[in-house]
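Visitor:
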Amino acid sequence: MVEDLGKVKGSKLTLDQRKAKVKGILTHMEQCDHVIEVAFPIKRDNGEYEIVNGFRAQHSTHRTPCKGGKPIFFLMTKV
Numbered sequence: 002m003v004e005d006l007g008k009v010k011g012s013k014l015t016l017d018q019r020k021a022k023v024k025g026i027l028t029h030m031e032q033c034d035h036v037i038e039v040a041f042p043i044k045r046d047n048g049e050y051e052i053v054n055g056f057r058a059q060h061s062t063h064r065t066p067c068k069g070g071k072p073i074f075f076l077m078t079k080v
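When the letters of the sequence shown are read in order and numbered with the working numbering, they come out as residues 2 to 80.
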């Protein structure tokens, strides 16, 4: 994560500042309150089946309603 913060465009944080920021973020994060896991099969164009796994983790509920995850409905097509 420290290296990723260094790649942010316009970031002027020093290495020590980036380390402190990452440490603060990880300290602030709590154990997940809720985890939802799903698994479903899909059929590929070549005829093979693959199991797709997905999850959503909610780290804290102090700011409800909580937002999270990326919608994938735009990837789906009508059958």
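We put the beta carbon where it would ideally sit given N, CA and C, even for glycine.
As the structure is a prediction and not an experimental result, all values here were calculated from the model.
My guess is that LYS22 and LEU6 are in contact by the Cβ rule of under 8 Å, so how many angstroms apart are they, rounded?
Guide: Against the sequence shown, residue 22 aligns to sequence position 21. Against the sequence shown, residue 6 aligns to sequence position 5. The pair is a contact, with the Cβ atoms about 6 Å apart (cut-off 8 Å).
Visitor: Locate the beta strand (DSSP E) running through GLU38, then write down its first and last residues.
Guide: Your numbering for residue 38 matches position 37 in the sequence shown. First-last of the beta strand (DSSP E) with GLU38: 35-44.
Visitor: Under three-state DSSP, which class holds LYS24?
Guide: Numbered from its first residue, the sequence shown carries residue 24 at position 23. LYS24: helix per DSSP, three-state reduction.
Visitor: Look at the alpha carbon of PRO42 and the alpha carbon of SER12, and state the distance between them as a whole number of angstroms.
Guide: Working through the sequence shown from its first residue, we reach residue 42 at position 41. Working through the sequence shown from its first residue, we reach residue 12 at position 11. Distance between the alpha carbons of PRO42 and SER12 is about 42 Å.
Visitor: Using the three-state DSSP reduction, which class does GLN59 fall into: helix, strand or coil?
Guide: Your numbering for residue 59 matches position 58 in the sequence shown. In the structure shown, GLN59 sits in a strand (DSSP, three-state: E or B).
Visitor: Report the residue from ARG45, ASP46, HIS35 whose alpha carbon sits nearest the alpha carbon of PHE56.
Guide: As a working note, residue 56 is residue 55 in the sequence shown. The residue with the shortest Cα to Cα distance from PHE56 is HIS35.
Visitor: Have a look at the DSSP bridge pairing and note the partners of GLU53.
Guide: Translated into the one-based positions of the sequence shown, residue 53 becomes position 52. According to the sequence displayed, residue 53 carries Val and not Glu. BP columns for VAL53 point to PHE41.
Visitor: Grouping DSSP H, G and I as helix and E and B as strand, with all else coil, what is LEU14?
Guide: Walking along the sequence shown from the start, residue 14 turns up at place 13. Three-state result, LEU14: coil.
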